[in-house]
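K.L.:
For reference, the structure I am asking about is given below.
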Amino acid sequence: MPQTPHLEHHFTASDAVRDVVIGMSDGLTVPFALAAGLSGAATSTGIIVTAGLAEIAAGAIAMGLGGYLAGRSDAEHYASEREREHREVREKPAVEAREVGDIFRGYGLSDDEVAPILRAFREKPQEWIDFMMRFELGLEKPEPGRALRSAVTIGGAYALGGLIPLGPYILLHEAATALTVSIGVTLAALAVFGFVKGRFTGARPWKSAFQTTLIGGVAAAVAFAIARAVG
Numbered sequence: 043m044p045q046t047p048h049l050e051h052h053f054t055a056s057d058a059v060r061d062v063v064i065g066m067s068d069g070l071t072v073p074f075a076l077a078a079g080l081s082g083a084a085t086s087t088g089i090i091v092t093a094g095l096a097e098i099a100a101g102a103i104a105m106g107l108g109g110y111l112a113g114r115s116d117a118e119h120y121a122s123e124r125e126r127e128h129r130e131v132r133e134k135p136a137v138e139a140r141e142v143g144d145i146f147r148g149y150g151l152s153d154d155e156v157a158p159i160l161r162a163f164r165e166k167p168q169e170w171i172d173f174m175m176r177f178e179l180g181l182e183k184p185e186p187g188r189a190l191r192s193a194v195t196i197g198g199a200y201a202l203g204g205l206i207p208l209g210p211y212i213l214l215h216e217a218a219t220a221l222t223v224s225i226g227v228t229l230a231a232l233a234v235f236g237f238v239k240g241r242f243t244g245a246r247p248w249k250s251a252f253q254t255t256l257i258g259g260v261a262a263a264v265a266f267a268i269a270r271a272v273g
């Protein structure tokens, strides 16, 4: 009797998706809050557009630089830990072998079952090091050029997200009218972004959409209230 194939669906968010989420979430929220706050004190859109574009440029650069430094830090940390593991495998093979045994025994393997694995690792030191990096330290080798791609992705996503709430101020002349349109457009964008983010990250899409919209809306409302009170 033919068997129905067993299919498992697991989602693992890629680094690129993570970078887009980081950049877009801040890009939609921070310029939105800034423009809303300035709308509480300004009647024309000129200064709001100028300040908004300056914030988007500065924010994109800062976010991109943060992504680049994080990527470089990951690569340097991996290289440092791999060098340490290489030295320990060469200088303290008995200790490393005991650590490998402990890992496999944690999965229920007996000493007799672990012994041939240890012999194979002694003949293949690079694979031994790869195993220790992943299963002892939980580190994956960073992709080449990861830091630069992360910087570009996060910065670009931030800039793209920031132009959405600022768009109405660029197209319209009255701050009050632009604010109303910006609120509608941005809240809709936040909801769509939250929904898509939930689908990509494995969270419940509608819950993610609600949370993202709520956070962005609250941030803008607080900024607007402060600017109105000060102005």
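Start counting the sequence shown at 43; every next residue gets the next number (my numbering).
Using N, Cα and C, we set each Cβ at its ideal position, and we do this for glycine too.
Computed from a predicted model, the values in this text were never measured in an experiment.
So, are the CB atoms of Leu-70 and Ala-231 less than 7 Å apart?
P.N.:
Yes; because the gap between Cβ atoms is below 7 Å, this pair is in contact.
K.L.:
Since Phe-146 is in the alpha helix (DSSP H), which residue starts that stretch and which ends it?
P.N.:
135-147 is the extent of the alpha helix (DSSP H) around Phe-146.
K.L.:
Please go through the same chain and pick out, in chain order, the residues whose beta-carbon is closer than 8 Å to the beta-carbon of Glu-141, but skip the five residues on each side of it.
P.N.:
Cβ neighbours of Glu-141 beyond the five flanking positions: Met-174, Glu-178.
K.L.:
Using DSSP's beta-bridge definition, name the partner residues of Glu-216.
P.N.:
Bridge partners of Glu-216: Ser-86.
K.L.:
Give the DSSP-derived three-state secondary structure of Leu-111 in the structure shown.
P.N.:
Here Leu-111 sits in helix by DSSP.
K.L.:
Distance, Cα to Cα, Glu-169 vs Ile-159?
P.N.:
Roughly 11 Å separates the two Cα atoms.
K.L.:
State the CB to CB distance for the pair Ala-201 and Ala-117, rounded to an integer number of angstroms; the pair is presumed to be in contact (CB under 8 Å).
P.N.:
No, Ala-201 and Ala-117 are not in contact; Cβ-Cβ is about 25 Å, not under 8 Å.
K.L.:
Quick one: what does DSSP say Glu-118 is sitting in, helix, strand or coil?
P.N.:
The answer is helix: DSSP assigns Glu-118 an H, G or I state.
K.L.:
Would you kindly report the start and end of the unbroken alpha helix (DSSP H) that includes Leu-80?
P.N.:
Element bounds for Leu-80: 57-81.
K.L.:
Quick check on DSSP: helix, strand or coil for Arg-246?
P.N.:
Arg-246 falls in the coil class under three-state DSSP.
K.L.:
Mapping DSSP to helix, strand and coil, what is Arg-161?
P.N.:
Arg-161 falls in the helix class under three-state DSSP.
K.L.:
Pick helix, strand or coil for Glu-185, following the three-state DSSP scheme.
P.N.:
The answer is coil: DSSP assigns Glu-185 none of H, G, I, E or B.
K.L.:
Give every residue of the same chain whose Cβ lies closer than 8 Å to the Cβ of Ser-86, excluding the five residues on either side of it in the sequence, and list them in chain order.
P.N.:
Hits under 8 Å: His-215, Glu-216, Ala-217.
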